[in-house]
Each structure stands twice: as C-alpha cells, then as structure tokens.
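Shown next, in structure tokens, is the structure this report addresses.
Numbering (my numbering), first residue to last: 405 to 554.
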C-alpha cells in the first residue's frame, strides 16, 4: 500500500512539472525564418576576422604568434621583411593571413595571444559550403578590398 502511495505522489509531481512547462512561453528560435531579426550573443565565436585601426588598415604586425599558438595549424601567416622609408628600420609586412575555417575548433587561443588585438571572432555562423576549399579564407585581402570600397 505504501508503494502505491509513493508511486502516485511521484506521478503527480512529474505531471505538475509537465503541465507547468506546457503552459510556459517557448523560447525556440524559428531559424531560418527569423534570419533577418536573429541576433547572436557578443561572446559567440563564429568566424575569425581582422580588426581595423582608425585609418582602415589591419593591425596585424605579422608576428605569427597566433599561428604558433594554434593547435590545429588553422592559421598561416605569410610575411616579408621590408625597410621602413621614414625610419630606415627593417620590419615585417603582412602578405597573406590565411584562415582555414574547416579545421578551426574555435578555442580562441589565437585571439588571446595577439599582442595588437588584430584578430577577433565575429558572430557570423552560416558556413555551409559544398567544397572545403571555400572554407579557406585570406583575411587581410578581404579587409583591403573592403577598405578600398569604403
């Protein structure tokens, strides 16, 4: 008899939870129908992007710390040594900043190690492509093209 009472009480508690959840407002996002109004959180790690300074140039100094830190070899930094015409000192100039989105595990180690905050994760999340070649992006070329259009 005691087990029947315990079982009934357990059933009533479970049904109470079920009915409370049934009548609460749902928070499910209707993606892709709400694509125009969808806002991602700032802390979301979508795609790696290069930050611009006040002049519209990328901040990367081609130090390659991000590529060294990356556990998956997702980043490849190509640079060359040039002589600064004003000071006469030699410094590195960034040629290509290649990012392989397909092998990135979004750990943010590259962003944390960057001394100039040249890279960051944006909130773009739609990365569906038919070939993996389209997941390899040259970030500084996109920024230079964007800077020339503005």
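Glycine included, every Cβ here is placed at the ideal spot set by N, Cα and C.
- Residue 471 sits in a helix when the DSSP states are folded into three classes.
- As computed with DSSP, residue 435 is found in no beta bridge at all.
- Between residue 492 and residue 539, the C-beta gap is not smaller than 8 Å, which leaves the two residues out of contact.
- Distance from the CA atom of residue 437 to the CA atom of residue 430, rounded to whole angstroms, is 16 Å.
- Our two residues, residue 462 and residue 514, have alpha carbons roughly 16 Å apart in a direct line.
- Of the residues 529, 535, 508, the one whose Cα lies closest to the Cα of residue 445 is 529.
- Here residue 474 is not near residue 518, since their CB atoms are 8 Å or more apart.
- In its chain, beyond the 5 residues on either side, 481, 483, 496, 497, 498 have a beta carbon closer than 7 Å to the beta carbon of residue 466.
- For residue 497, the uninterrupted beta strand (DSSP E) run begins and ends at 494-504, by DSSP.
- Comparing alpha carbon positions, the residue from 427, 441, 426 closest to residue 433 is 441.
- With a cutoff of 8 Å on beta-carbon distance, residue 525 and residue 450 are scored as near each other.
- The shortest CA-to-CA distance from residue 479 to any of 510, 414, 416 is the one to 510.
- Under the 10 Å beta carbon count, residue 522 is surrounded by 16 or more other beta carbons and is classified as buried.
- DSSP, read as helix, strand or coil, puts residue 410 in helix.
- Only exposed fits residue 435, as fewer than 16 other CB atoms lie within 10 angstroms of its CB.
- C-alpha of residue 494 to C-alpha of residue 485: approximately 6 Å in a straight line.
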